[in-house]
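**Q** Let me give you the structure first, and then I'll get to my questions.
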Ligand SMILES: Cc1cc2nc3c(=O)[nH]c(=O)nc-3n(C[C@H](O)[C@H](O)[C@H](O)COP(=O)(O)O)c2cc1C
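In my numbering, the protein residues as written are 163 to 510.
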């Protein structure tokens, strides 16, 4: 039976189509990684073949410090996309996030677009996903538990996107009571909660508040990659506030500042927002991220070359990371995090 589309499905479809183009990039802002240089280690003794990418995602061991960020579900096209993404994630043994599961609550016919992931990837960490504005609307948590079970999630992601909601035609820019609700949800759910932005970044102050209420992971999803205000402005034919296209804190800034909380708290820091090659990944890790993530560039590769293309892309990025680790004298990821990077202005 064909799935009846509603306005949310239609919106998700438009998001997918727009994200296959580069029109939705930030215009005059970057992720900031170009401001950093690696410190060459002239006496490296690292054995390239023994470089260890081993990382844990909560209690599961994963192949690379990288995850495929939350993108889709709840629209007809999503089943095929999630099927192919999960084949790639399974082969690489990396976590995969699903897109907002709001649609799963409205129509059971959409369930298979999410369930296909566990069919193809029974063991990888899977991240459920729901919007902060839905948490505020629901006020109770039974529905969130249903979403966790639907994908057998290892963690639940709450995406917070005030700038996107503000610019979106019929957006829902209302987050009153959010922090208290997250605090309650942390106690209610059996799986850890990760809070992520969608491309405008999370500041150190906000991260600290979230960690203090029990959030176990922060995905900064900073500025410099996909602009979600840009996506909504394009959907709306630029009727709105174009000056908000480039709104947000650059990814490198968010990682560097939020990482300072590591000395006080135990949490997972996910570095994402415009990650597009091995250098970005290595710099994100060197600035303090535990794991990195990308969204739109993966979707574009999937469209061009399917699961195999995504596998090759990510493996290729990590070949570069391996070479950077050799050149910086880093045998493992925690050594890469130890003062292996410098701001370019300090090189003079
Ligand atoms: C097509 C598409 C759909 C997305 N849908 C969601 C979503 O449902 N939930 C979410 O948390 N993030 C969503 N995102 C945001 C990404 O997870 C990511 O945070 C953001 O795009 C920035 O990363 P990037 O610069 O690598 O694209 C979506 C991204 C893309 C490209």
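We put the CB at the ideal spot given by N, CA and C, even for glycine.
Taking the alpha-carbon of residue 295 as reference, which of 188, 323, 378 has the nearest alpha-carbon?
**A** Out of 188, 323, 378, 323 has the C-alpha closest to the C-alpha of residue 295.
**Q** Residue 258 bridges to which residues according to DSSP?
**A** Paired residue(s): 230, 288.
**Q** Taking only three categories from DSSP, how would you classify residue 507?
**A** Three-state DSSP puts residue 507 in a helix.
**Q** Would residue 413 and residue 384 qualify as a contact pair, given that the criterion is a beta-carbon distance under 7 Å?
**A** Closer than 7 Å, so yes.
**Q** With DSSP as the reference, label residue 412 as helix, strand or coil.
**A** The answer is strand: DSSP assigns residue 412 an E or B state.
**Q** For the structure I just gave you, are there three or more beta carbon pairs, one from the segment 362-375 and one from the segment 312-319, closer than 8 Å?
**A** Touching, no.
**Q** Kindly indicate which residue of 339, 183, 422 has the alpha-carbon position closest to the one of residue 463.
**A** Ranking the options by Cα distance to residue 463, first place goes to 183.
**Q** Less than 6 Å separating the Cβ of residue 273 from some heavy atom of ligand 1?
**A** No - ligand 1 has no heavy atom lying nearer than 6 Å to the Cβ of residue 273.
**Q** Between 424, 494, 502, 269, which lies nearest to residue 210 when the distance is taken from Cα to Cα?
**A** Residue 494 is the option with its Cα nearest to residue 210.
**Q** Scan the segment 334-371 and note each continuous alpha helix (DSSP H) run of 4 residues or more that stays entirely inside, going in chain order.
**A** Counting whole runs of 4 or more residues, the segment 334-371 contains the alpha helix (DSSP H) stretches 340-350.
**Q** Is the distance from the Cβ of residue 289 to the Cβ of residue 256 below 7 Å?
**A** No. Outside cutoff.
**Q** Can you round the beta-carbon distance between residue 382 and residue 435 to whole angstroms, since I take them to be within the 8 Å contact cut?
**A** Their Cβ separation, rounded to whole angstroms, is 6 Å, which keeps residue 382 and residue 435 in contact under 8 Å.
**Q** Between the segment 184-197 and the segment 271-291, can you find at least three pairs of beta-carbon atoms closer than 8 Å?
**A** Because the criterion of three Cβ pairs below 8 Å is not met, the segment 271-291 and the segment 184-197 do not touch.
**Q** Taking just the CA atoms, how far does residue 186 sit from residue 163?
**A** With a pLDDT of 40 at residue 163, under the threshold of 50, the modelled position of that residue is not reliable, and the figure given next carries that caveat. If you take the alpha carbons of residue 163 and residue 186, they lie about 34 Å apart.
**Q** Cβ of residue 325 within 6 Å of any heavy atom in ligand 1?
**A** Answer for residue 325: no, Cβ out of range of ligand 1.
**Q** Which same chain residues end up closer than 6 Å to residue 165 when comparing Cβ atoms and leaving out the 5 residues on each side of it in sequence?
**A** Because residue 165 carries a pLDDT of 44, less than 50, the predicted location of this residue cannot be relied on, and the following value inherits that uncertainty. 238, 271.
**Q** Residues in the same chain with beta-carbon distance under 6 Å from residue 430, minus the five sequence neighbours each way, listed in chain order, please.
**A** 379, 452.
**Q** Report, in whole angstroms, the separation of the C-beta atoms of residue 259 and residue 319, which I expect to be a contact under 8 Å.
**A** Indeed, because the Cβ distance is near 6 Å, the residues count as touching under 8 Å.
**Q** By the DSSP assignment, the alpha helix (DSSP H) with residue 294 in it spans what residues?
**A** Per DSSP, residue 294 belongs to the alpha helix (DSSP H) from 294-300.
**Q** Straight-line CA distance for residue 411 to residue 299?
**A** Each residue's alpha carbon lies about 27 Å from the other.
**Q** Can you list, in chain order, the residues of its chain whose CB lies under 8 Å from that of residue 170, leaving out five sequence neighbours each side?
**A** Cβ neighbours of residue 170 beyond the five flanking positions: 236, 264, 265, 268.
**Q** Sort 468, 346, 208 by Cα distance to residue 487 and report the nearest one.
**A** Per the Cα distances, 208.
**Q** Identify, in the order they occur along the chain, each residue of the same chain with its Cβ nearer than 8 Å to the Cβ of residue 365, setting aside the five sequence neighbours on each side.
**A** 411, 416, 419, 420, listed in sequence order.
**Q** Can you list, in chain order, the stretches of the alpha helix (DSSP H) that have 4 or more residues and sit fully within the segment 165-239?
**A** Correct list: 169-181.
**Q** Over what stretch of residues does the alpha helix (DSSP H) that includes residue 496 continue unbroken?
**A** Counting along the chain, the alpha helix (DSSP H) containing residue 496 begins and ends at 495-498.
**Q** Tell me whether residue 501 sits in a helix, a strand or coil according to DSSP, three-state version.
**A** Of the three classes helix, strand and coil, the one that applies to residue 501 here is coil, per DSSP.
**Q** Say yes only if the C-beta of residue 456 is nearer than 6 Å to one or more non-hydrogen atoms of ligand 1, and no if none qualify.
**A** Checking the Cβ of residue 456 against ligand 1 gives yes.
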